[in-house]
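Working notes for the structure below.
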Amino acid sequence: MRYSVTFLLAICFAFPSSADDSARNPVAAKIKKQLQAKVNKQFNSYEGYCDLVIYLEHTDKYAIVKRVSGIGDQKVCTAGKTYLKIGSRYRYRQAESMLVIHLSTLR
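Quick note, the sequence shown lines up with residues -19 to -1, 1 to 88 if you use mature numbering (1 follows the signal peptide of the UniProt record, and there is no 0).
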């Protein structure tokens, strides 16, 4: 029994998963800050969330938004998609082709 619990804990902590890339990626943090402010302003008394998946293409020093998809509440996802324009450019240090950002209207 002791070995099975230890094995289960080792597997759980060996593969950490996070729903939001803004904690470790400065580009994701910048995008989330912009979108979260606009979503909070639009939805005053509405409660919902959306996980936006942002696909990026990289040039020399810039990451360009190519595609945005969302999973979650349809109203919040639609607002997040409209505020994040395709073709927006962000300077980056660490190249990533996909970012996940969690937007929430819960207070």
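Even glycine gets a Cβ: it sits at the ideal position worked out from N, Cα and C.
In this text, all values refer to a predicted model and were calculated from it rather than measured experimentally.
Given residue i as reference, the closest of the options once Cα atoms are compared
i: aspartate 41; options: Asp2, Tyr71, Thr86 and Leu87; result: Tyr71
i: arginine 5; options: Glu77, Leu84 and Ser85; result: Glu77
i: leucine 84; options: Ser69, Lys14 and Pro7; result: Lys14
i: threonine 63; options: Tyr27, Val20, Gln75 and Asp1; result: Val20
Cα-Cα separation between residue i and residue j, rounded to whole angstroms
i: leucine 37; j: alanine 60; result: 19 Å
i: isoleucine 35; j: asparagine 25; result: 25 Å
i: isoleucine 67; j: lysine 56; result: 19 Å
i: serine 69; j: cysteine 58; result: 18 Å
i: tyrosine 73; j: lysine 22; result: 27 Å
i: glutamine 75; j: valine 49; result: 20 Å
Close-in-space but distant-in-sequence residues of the same chain around residue i (CB under 6 Å, 5 per side omitted)
i: tyrosine 27; result: Thr86
i: isoleucine 45; result: Glu38 and Arg70
i: alanine 53; result: Correcting the residue type first, residue 53 is glycine in the shown sequence and not alanine. Once the five neighbours on either side are set aside, the close Cβ partners of glycine 53 are Tyr30, Cys31 and Asp32.
Residue i, enclosing beta strand (DSSP E) - first and last residue
i: lysine 42; result: Here lysine 42 belongs to no beta strand (DSSP E), and DSSP marks it neither H nor E.
i: tyrosine 71; result: 70 to 72
Beta-carbon contacts of residue i that lie in its chain and below 8 Å, excluding the five residues immediately before and after
i: aspartate 2; result: Ala9, Glu77, Leu80, Val81 and Ile82
Boundaries (first-last residue) of the alpha helix (DSSP H) holding residue i
i: leucine 16; result: 7 to 23
Cutoff 7 Å; reference residue i; Cβ partners in own chain excluding five residues on either side
i: glutamine 17; result: Leu84
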